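Asker:
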Amino acid sequence: MITNSHQGAIFIGSEIYGKVAYGKNHPLSIPRVGAVTDLCRQMGWFNAENYVDSPTASPKDLGRYHSRAYIDAVRKVDKAGKSGAKTREIYGLGTIENPVFSGMFERGAMTCGGSIYAAEWVLGGGCAYNPAGGTHHGRPNRASGFCYFNDPVLAILRLLDMGVPRVFYLDLDAHHGDGVEAAFINDPRVATVSIHEKSRWPYSGVESNSSDNIWNFPVPGGFHASELNFLIDEIVLPLAEKFAPDAVVVTCGADGLAGDPLSKMELTNTALWSAVSAIGDIAPRTIVLGGGGYNPWTVIRCWAGLWASLANYDVYDSMTSSALNILHSLDSDLVDEEDINPNWLNSIADETEDLPIRTEIKDLALM
Ligand SMILES: [Zn+2]
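If you use my numbering, the sequence shown corresponds to residues 45 to 411, in order.
1. In whole angstroms, what separates the C-alpha of GLU381 from that of ARG244?
2. List the residues that DSSP assigns as beta-bridge partners of TRP259.
3. Where DSSP assigns a beta bridge to ALA53, which residues make up the other side?
4. So within the region 241-312, which uninterrupted alpha helix (DSSP H) runs reach at least 4 residues, ignoring any that extend past its ends?
5. Can you check DSSP and say which residues form a bridge with GLY191?
6. For ILE140, does the count of other Cβ atoms within 10 angstroms reach 16, so buried, or fall short, so exposed?
7. For THR330, does the three-state DSSP call read helix, strand or coil?
8. Going along the chain, which residues of its own chain have a beta-carbon closer than 8 Å to the beta-carbon of GLU150, five neighbours each way excluded?
9. Could you tell me how far apart the beta carbons of PRO196 and SER159 are, in whole angstroms, since I believe they sit closer than 8 Å?
10. Comparing alpha-carbon positions, which option in SER376, ASN142, SER146 lies nearest GLY125?
11. Name the one or two DSSP bridge partners that LEU214 has.
12. Any heavy atom of ligand 1 closer than 7 Å to the CB of HIS70?
13. Quick one: grab the DSSP three-state call for VAL121.
14. Closer than 7 Å to a non-hydrogen atom of ligand 1 - does that hold for the CB of HIS268?
15. Using 7 Å as the cut-off, classify the Cβ of GLY223 as near or not near the heavy atoms of ligand 1, replying yes or no.
16. State whether the region 106-122 contacts the region 169-181, with contact taken as three or more CB pairs (one from each stretch) at a distance under 8 Å.
17. Is PRO218 near ligand 1, judged by its Cβ being under 7 Å from some heavy atom?
18. Taking 7 Å as the cut-off, is the CB of ASP22 close to at least one heavy atom of ligand 1?
19. Leaving out the 5 sequence neighbours to the left and right, which residues in its chain are closer than 7 Å to GLU310 when beta-carbon positions are compared?
20. At the level of alpha carbons, what is the spacing between SER255 and THR396?
21. ILE326 and ALA355: beta carbons closer than 8 Å?
22. Taking its Cβ as the centre, do 16 or more other Cβ atoms sit within 10 Å of GLY249, making it buried, or is it exposed?
23. Under the three-state reduction of DSSP, which class applies to VAL96: helix, strand or coil?
24. Given a cut-off of 8 Å on the beta-carbon distance, is the pair VAL208 and ASP215 in contact?
25. Looking only at its chain, what residues have a beta carbon closer than 7 Å to the beta carbon of ASN48, apart from the 5 residues adjacent to it on each side?
26. DSSP has ARG183 in a bridge; who is on the other side?
27. Would you verify that the beta carbon of ILE384 is, or is not, closer than 8 Å to some beta carbon of chain B?
28. Within 10 Å of its beta-carbon, does VAL343 have 16 or more other beta-carbons around it, so buried, or fewer, so exposed?
29. Along the alpha helix (DSSP H) that carries TYR161, what are the first and last residues, could you check?
30. Among residues of its own chain, excluding the 5 on either side of ASP398, which ones have a beta-carbon nearer than 7 Å to its beta-carbon?
31. Grab the span of the alpha helix (DSSP H) containing LYS406 for me, first residue to last.
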């Protein structure tokens with residue numbers, strides 16, 4: 045467990061995440077971090093020390109990675125409530141993918157503020173969890189893939205700026221962590237590893253680089269828990285041990301879970317928790333972020349259980365009726381009623397099953 049070698053864990057949250065965002069008809073207009081926070085609270089997994097209200101990032105903080113003109117553009121469209129043709133084209137703001145909604149600047153800045161705070165907090169060791177984070181597609185001067193800013197990049201930069209020599213970034217989201225890779229491709233102080241579904245947007249992350257700091261493992265549809273365990277044990281942990289980082293940052297997107305409408309991966313939440321725990325043991329400082337995830341049941345169970353795993357609570361504790369009510373109250377236009385797994389309504393941990401590892405996955409270990 046992470047807490048065996050670290051000095052405890054904090055959860056970074058905010059009431060802002062309980063509010064609906066992204067407007068209507070967007071895959072992210074579902075309950076996510078707000079409901080994760082409620083579920084953890086109802087399970088009794090917070091105390092006076094381990095829940096922290098997220099600070100917000102100032103424009104100067106955001107400017108460590110994002111251009112001033114782009115930051116101003118996000119503020120401007122938020123205030124105006126709409127984008128224009130030029131802003132849409134230059135900054136990707138006001139598209140179907142990256143819609144303009146009221147409070148978008150505040151929410152994006154809060155997400156980044158949480159991850160920057162996570163970096164500051166773990167300087168003294170331990171684990172900081174910001175489930176609203178993981179906006180890994182954001183570019184310095186452009187919104188991309190539902191991400192307005194890039195909080196993993198800002199967290200890593202803050203670690204480096206504070207003197208942390210080497211940072212290992214692991215991206216478990218179903219989509220390639222292209223924005224983070226692009227930020228550090230020429231920085232030998234940072235290694236990035238992304239495990240993502242192949243032939244899926246953004247279609248990058250096909251290869252690793254020769255300078256040994258960028259690693260990509262595109263996996264086929266149906267990628268399951270036993271296969272993730274294999275990749276972590278056989279590839280990621282040896283790579284991380286060799287890199288010898290002083291801090292680890294993980295984007296733990298939940299869109300690779302079975303039942304997610306935006307990927308064909310078939311992971312279990314327990315496999316993601318084990319992966320995060322194993323990689324967290326490599327360094328004395330760990331930052332854990334959220335990411336994608338478009339099935340409210342699987343996202344909320346995954347990220348609530350991830351907190352239990354990080355903070356040493358028992359995810360198999362019987363659920364209180366108010367905790368169960370949270371799972372029963374969820375709804376999604378992207379998940380058909382007959383596809384709702386009964387386990388999603390009465391438990392947090394997925395059931396585990398050992399499955400054979402396909403040759404295609406074993407071959408990744410030989411690359
Ligand atoms: Zn994703």
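Glycine included, every Cβ here is placed at the ideal spot set by N, Cα and C. These figures come from a predicted structure and were not determined experimentally.
Answerer: Concretely, from the data shown:
1. The residue labelled residue 381 in the question sits at position 337 within the sequence shown. The residue labelled residue 244 in the question sits at position 200 within the sequence shown. GLU381 and ARG244: Cα-Cα distance of roughly 26 Å.
2. Position 215 of the sequence shown holds residue 259. Its beta-bridge partners are VAL237.
3. Here the question's residue 53 lines up with position 9 in the sequence shown. According to DSSP, ALA53 shares a beta bridge with CYS171.
4. Fully enclosed alpha helix (DSSP H) runs of 4 or longer: 269-275, 281-287.
5. Locating residue 191 in the sequence shown gives position 147, counting from the first residue. It is Cys, not Gly, that sits at residue 191 in the sequence shown. CYS191 pairs with SER188.
6. Working through the sequence shown from its first residue, we reach residue 140 at position 96. Classification of ILE140: exposed, given that the 10 Å Cβ count is below 16.
7. Within the sequence shown, residue 330 is the residue found at index 286, counting from 1. Of the three classes helix, strand and coil, the one that applies to THR330 here is strand, per DSSP.
8. Position 106 of the sequence shown, counted from the start, is the residue given in the question as residue 150. Within the same chain, and ignoring the five residues on either side of GLU150 in sequence, the residues whose Cβ sits closer than 8 Å to its Cβ are ILE60, THR100, ASP122.
9. For this step, residue 196 is matched to residue 152 along the sequence shown. For this step, residue 159 is matched to residue 115 along the sequence shown. Yes, PRO196 and SER159 are in contact; Cβ-Cβ is about 7 Å, under 8 Å.
10. The residue you call residue 125 lines up with position 81 of the sequence shown. For GLY125, the closest of SER376, ASN142, SER146 by C-alpha to C-alpha distance is SER146.
11. Taking the first residue of the sequence shown as 1, we reach residue 214 at position 170. Answer is VAL237, VAL294.
12. Taking the first residue of the sequence shown as position 1, residue 70 is located at position 26. Shortest gap from the CB of HIS70 to any heavy atom of ligand 1: 7 Å or more.
13. Within the sequence shown, residue 121 is the residue found at index 77, counting from 1. Helix, per DSSP.
14. As a first step, residue 268 must be located in the sequence shown, where it is residue number 224. No, ligand 1 has no heavy atom inside 7 Å of this Cβ.
15. Here residue 223 corresponds to residue number 179 of the sequence shown, with the count starting at 1. Flag unset: Cβ of GLY223 not near ligand 1.
16. Pairwise C-beta distances place the region 106-122 out of contact with the region 169-181, as fewer than three of them are shorter than 8 Å.
17. For the purposes of this step, residue 218 is taken as residue 174 along the sequence shown, with counting starting at 1. Before going further, note that residue 218 is Ala rather than Pro in the sequence given. Short note on ALA218: C-beta closer than 7 Å to some heavy atom of ligand 1.
18. Limits of the chain in this structure are 45 at one end and 411 at the other, which puts residue 22 out of reach.
19. Looking up residue 310 in the sequence shown gives position 266. Excluding sequence neighbours, GLU310 sits near GLY266, PHE267, HIS268, ALA302.
20. For this step, residue 255 is matched to residue 211 along the sequence shown. For this step, residue 396 is matched to residue 352 along the sequence shown. Looking at the two C-alpha atoms, the distance is approximately 37 Å.
21. As a working mapping, residue 326 is identified with position 282 in the sequence shown. As a working mapping, residue 355 is identified with position 311 in the sequence shown. Against a cut-off of 8 Å, the Cβ pair of ALA355 and ILE326 comes out as no contact.
22. In the sequence shown, counting from the first residue as 1, residue 249 sits at position 205. Answer is buried; the Cβ neighbour count reaches 16.
23. By one-based count along the sequence shown, residue 96 stands at place 52. Here VAL96 sits in strand by DSSP.
24. As a first step, residue 208 must be located in the sequence shown, where it is residue number 164. As a first step, residue 215 must be located in the sequence shown, where it is residue number 171. For the 8 Å CB-CB criterion, VAL208 and ASP215 do not form a contact.
25. Counted from its first residue, the sequence shown places residue 48 at position 4. Unreliable placement is indicated for ASN48, whose pLDDT of 38 sits below 50; the coordinate value is still reported in the next sentence. Apart from the 5 residues on each side of it in sequence, ASN48 has no Cβ closer than 7 Å to any other Cβ in its chain.
26. Here residue 183 corresponds to residue number 139 of the sequence shown, with the count starting at 1. When beta bridges are read from the DSSP output, ARG183 appears opposite ARG186.
27. Within the model displayed, chain B is absent; a lone protein chain is all it includes.
28. Here residue 343 refers to the residue found at position 299 of the sequence shown. A residue is called buried once 16 or more other Cβ atoms fall within 10 Å of its Cβ, and VAL343 is buried on that count.
29. Taking the first residue of the sequence shown as 1, we reach residue 161 at position 117. 148-166 is the span of the alpha helix (DSSP H), which, as asked, contains TYR161.
30. Against the sequence shown, residue 398 aligns to sequence position 354. Correct list, in chain order: SER270.
31. Here residue 406 corresponds to residue number 362 of the sequence shown, with the count starting at 1. For LYS406, the enclosing alpha helix (DSSP H) begins and ends at 403-408.
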